[in-house]
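From first to last, the protein sequence lines are chains Z and C.
Residue -11 is where the first sequence starts when you use the numbering used here, and the numbers rise one by one after that.
Residue 19 is where the second sequence starts when you use the numbering used here, and the numbers rise one by one after that.
The C-beta atom is built at its ideal place from N, Cα and C for all residues, glycine as well.
Note that the structure is a prediction, hence the values are computed from the model and not measured.
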Amino acid sequence: MYRETDIIQTIPGTDEMVINVGPQHPSTHGVLHLVLTINGEIVKKVEPHIGYIHRSIEKMCESLTYRQFIYSTSRMDYLAAHTNNHACAMCVEQGMGIEVPLRAQYIRVLMDELTRIASHCLWWGSIAMDCGAVTPFFLAFREREMINTIMEETCGARLTMNYNVPGGVMADIHPTFQQSVKDFVRHFRSKIDEYDELVTGNIIFQSRLKGVGKLSKEDAISYGCTGPTARASGVSCDVRKHFPYEIYNQIDFKEITHTAGDSYARYLMRLAEMRESMNIIEQLIDNIPEGDYLAKTKAVLKLPKGEFYSRVETPRGELGVYIVSEGGTTPYRIKFRSPGFSNLSALDHMTRGHKIGDLVAIMGTLDLVIPDIDR
Amino acid sequence: MFSLEDITQSVHNWLYETMHPTLALMVEFAIIGVLVIALFAFLGLVLVMMERKVSSWMQLRLGPNRIGPWGWFQTVADTVKLIVKEGMTPNNVDRLLFNLAPILVIIVSMVIMAPIMFAKGFQIWDINIGVLFVSAVSSLSIIGILMAGWASNNKYSLLGAMRSGAQIVSYELSAGLSMLTIVVLTGSLKMSDIIQAQETGWWLFKGHIPAIIAFVIFIIAATAETNRAPFDLAEAESELTAGFHTEYSGMKFALFFLAEYVNIFVVCAIGATLFLGGWMPFHVGNWEQFNHIMDYIPTSIWFFGKTFFLIFVIMWFRWTFPRLRIDQLLNLEWKYLLPISIFNILLVTVIALAGWHF
């Protein structure tokens, strides 16, 4: 019996119906709102509605000084707070012409890579959870906890580290830092094989991801995808390789790319990145040079009039910081180019024609962090 | 030796001696009703606790550990919370079907208890078509799930119910065929006959390869029929929030939850009865001493031990495997399990006719 009050209605003239996924939904990992048009199980259209966690960080930064605004960026991509701060600090240093001591550069890169592993660990747990396996989430948190402990020792905070300041890092590394990082890498080398055993080799998991959510190289470029998402489609876009910052040009590491462009390639991509990050850490950890960890800077930072841009490779892709200065103590305008925003824009293209279950898996492999998209 | 059969038999005799037969039958019905509800409450509490402890054990956690020793009263507290919670009915739902669905689901899992033999001589109804009864009644639970999904007036619920419909209808087939394998070997649909036939050895060991294939298929199909991971598409937390019971809360939700766990118990009990000998103790050929010791373990312990082992296996699946996609789920059934089951049943028929089984 049809009643006027029935909510379940199809789009007139079709068998399609509109369904809201989010803003409160277990697999959007935050307050992302997707408006799906579905025909039974098949997704016809995905329309992301963003802005639920918009805190106008860019506008807020305009009233904060160049030392202060860095801290507000920890809350953008909260899983990779250190890389956000890094990009901002680099942009200010570039404007002021501050030379960062070598020791600080080493520490920053080490912390970047630890952040990358921690972020990818969480992603690994959540992609498995999106596919329906809950246990990997807890295994991933075991390793992530070790990194958080290292961060806590050295930076004083576990998640929003605020360790980067213009000119270097806020404090010297903890005396046990090198030892605990080495312990972690030794521990993680065995555990990442366990990850492979538990999830990568699983036939159900592989069939959920293989051939799903294809993104061609051309599409990846035209949607502006960066990071593992684009590299899985064969786009060579690692900022660490192409626009080396700090000491990345002295480190021997590979830029990993896959050509398949499907969800499984994105999955393998991030696992391989974790291994590569461990290689980078192992190269650096014993060679941290002695010296200052913080360059001498003026008490009040004033960027010269002009425009400054710096970028880093965060776990999710390329984060760009664009500062327009009028010569005062606060920026005139700040713009962040966040990787999640561009990666999300490719979701509709990748998901059309797939099932609802695939949508969740594809979204998982994009590794979206919603505060990073909304800022 | 102590046996539950003596107790049930003496109660039965006493009732019929002191009362009019009709009244005695009514009293027996009442006793059975109370016992089944008590078993439900017990299973709900124990299985939920077991699930949480098994999952925490697999996930490097402690699990519930605050209320009572090792958190054993956590499920009691949860149940109290669900009972006192308001049983909300959202606007615009089909009130009759919405409220009827959980009751229907729980009734089905109660009725299905009837032919299960909990111990030697401890059975509600030794119906002569026991296996058929089980497979017929168990397919009714889908009606409750479809009702819940349709009446909720929620798109997630609708999707969950449709998935569940497709899934249970498909997996019913291979579950039925694998149960039929044992029926062919035994030559009877009656539960007590099937158990008696395993006196010399369980069908899993006696029935050659077809019984092992049937057992594996049965476990897969049972997991799918109870909507458990990796086949929990009807609930699919990460996709459909909670699937067909998204709109349910309080005791109505608790009934679905309870029915899920009781269904796990029932399918595992059927599996234990058909393949692992039900209450039959484990006997090895002519090891007289060993067999004698095994006989001293009460039959109810044997039955519950086997059942809980299978329940543990199904829980183990849930906390290990990712979920399948709906098309993969149906492919698995129609392209792999069903052809294998059909071939298997032919194979077992040949074996049974030729008398090659032990």
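Burial state of isoleucine 134/C is buried, judged by a 10 Å Cβ sphere holding 16 or more other Cβ atoms. Taking 8 Å as the CB threshold, lysine 173/C lines the interface with chain Z.
The continuous alpha helix (DSSP H) containing tyrosine 189/C extends over residues 173 to 204.
Among the residues of chain Z, those whose CB is under 9 Å from the CB of isoleucine 344/C are Glu29, Lys343, Ile344, Gly345, following chain order. Not one beta carbon of chain C lies nearer than 8 Å to the beta carbon of proline 0/Z. Here the alpha carbons of histidine 42/Z and alanine 252/C stand approximately 34 Å from one another.
Listed as beta-bridge partners of phenylalanine 140/C by DSSP are Ala137/C.
A check of alpha carbon separations from leucine 57/C across Thr317/C, Ile142/C, Lys324/C identifies Ile142/C as the nearest. Closer than 7 Å at the C-beta level to chain Z, one finds these residues of the segment 217 to 247 of chain C: Ala247. Interface flag for serine 60/Z against chain C is unset, since no Cβ pair is found closer than 8 Å. Taking the Cα of isoleucine -1/Z as reference, the smallest distance to any Cα among Thr25/Z, Glu140/Z, Ala248/Z is reached at Thr25/Z. Per DSSP, threonine 25/Z is one residue of the beta strand (DSSP E) stretching across 21 to 27.
Look at tyrosine 34/C here: in three-state DSSP terms it is helix. Contact annotation: phenylalanine 172/Z and isoleucine 138/Z have beta-carbon atoms nearer than 8 Å. Taking 9 Å as the cut-off between beta carbons, none of the residues of the segment 63 to 88 of chain Z comes near chain C.
Around histidine 230/Z, the same chain offers Ser224 as residues with beta carbons nearer than 8 Å, after the five sequence neighbours per side are excluded. Excluding the 5 residues flanking it on each side, alanine 334/Z has same chain C-beta neighbours closer than 8 Å at Leu203, Asp207, Ala208, Tyr211, Cys213, Thr217, Leu354, in chain order. With fewer than 16 neighbouring CB atoms inside 10 Å of its own CB, methionine 106/C falls in the exposed class. Taking a contact to require three or more Cβ pairs closer than 8 Å, the segment 343 to 357 of chain Z and the segment 109 to 119 of chain Z qualify as touching.
Between isoleucine 101/C and methionine 269/C, the C-beta spacing is below 8 Å.
Lysine 173/C sits buried, since 16 or more C-beta atoms from the chains shown fall within 10 Å of its C-beta. For arginine 130/Z, the chain C residues whose Cβ falls inside 9 Å of its Cβ are Leu78, in order along the chain. Burial is judged here by how many other beta carbons sit within 10 angstroms of a residue's own beta carbon; lysine 324/C has at least 16 and is buried.
Secondary structure note for glutamate 243/C: its alpha helix (DSSP H) is the uninterrupted segment 226 to 243. For phenylalanine 125/Z, there is no enclosing beta strand (DSSP E); the enclosing alpha helix (DSSP H) has its first and last residue at 123 to 143.
At a cut-off of 4 residues, the continuous stretches assigned as alpha helix (DSSP H) that sit fully inside the segment 203 to 284 of chain Z are 205 to 210, 215 to 219, 227 to 230, 251 to 273.
The distance from the Cβ of lysine 208/C to that of asparagine 146/C is about 5 Å, consistent with a contact at the 8 Å cut-off.
At a beta-carbon threshold of 7 Å, none of the residues of chain C lie near threonine 25/Z; the nearest stands roughly 12 Å away. Annotation: arginine 104/Z to aspartate 226/Z spans about 13 Å, alpha carbon to alpha carbon. Between asparagine 362/C and proline 228/C, the C-beta gap is smaller than 8 Å, which places the two residues in contact. By the Cβ neighbour-count rule, proline 120/C is buried, with 16 or more other Cβ atoms within 10 Å of its own.
Taking 8 Å as the cut-off, the beta carbon of glutamate 46/Z is found closer than this to the beta carbon of lysine 323/Z. If the five residues before and after glutamate 69/C are omitted, its C-beta is found closer than 7 Å to the C-beta atoms of Met333, all from its own chain and listed in chain order.
Collapsing the DSSP output to three states places glycine 268/C in a helix.
Taking the C-beta atoms as reference points, serine 170/C is found nearer than 8 Å to threonine 264/C.
From the listed residues Gly294/Z, Tyr94/Z, Lys284/Z, the smallest Cα separation to tyrosine 233/Z is found for Tyr94/Z.
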